[in-house]
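Student: Numbering (my numbering), first residue to last: 15 to 112.
Glycine residues also receive a C-beta, built at the ideal position from the N, C-alpha and C atoms.
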């Protein structure tokens with residue numbers, strides 16, 4: 015009964031050229047929901063692939079993180095990273111106070 019109603023509403027909209035309304039997620043058929051989801055996905059802009067320079071930088075950073083001296087590099091730059099550490103400590107305090 016509900017499927018027939020939805021189908022007739024769809025046919026009316028198609029014949030009258032009215033914009034479609036989003037499906038009722040509880041009573042809509044799987045195909046109606048799939049059509050709606052696919053149409054929404056097509057409206058989302060596609061993510062651009064990173065440029066070769068960005069990709070190379072990401073690969074280099076990843077490789078350096080896997081190397082054995084990553085921790086030594088962090089400790090060597092501790093003075094540059096200490097403000098970030100203070101911010102992280104304060105965020106942790108705020109989380110605990112919640």
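Count Cβ pairs between the segment 41-49 and the segment 65-77 that sit closer than 8 Å; are there 3 or more?
Tutor: Flag = no, the segment 41-49 and the segment 65-77 do not touch.
Student: Could you check how far apart the C-beta atoms of residue 88 and residue 80 are, in whole angstroms? I think they sit under 8 Å.
Tutor: About 14 Å separates the two Cβ atoms, so there is no contact after all.
Student: Distance check for residue 111 and residue 84, CA to CA, integer angstroms please.
Tutor: Each residue's Cα considered, the two are about 33 Å apart.
Student: Could you tell me the distance, in whole angstroms, from the CA atom of residue 107 to the CA atom of residue 93?
Tutor: One C-alpha to the other measures close to 22 Å.
Student: Reducing DSSP to helix, strand and coil, say where residue 96 ends up.
Tutor: In the structure shown, residue 96 sits in a helix (DSSP, three-state: H, G or I).
Student: Following the continuous alpha helix (DSSP H) through residue 73, name the residue where it begins and the one where it ends.
Tutor: From DSSP, the alpha helix (DSSP H) with residue 73 extends over 66-80.
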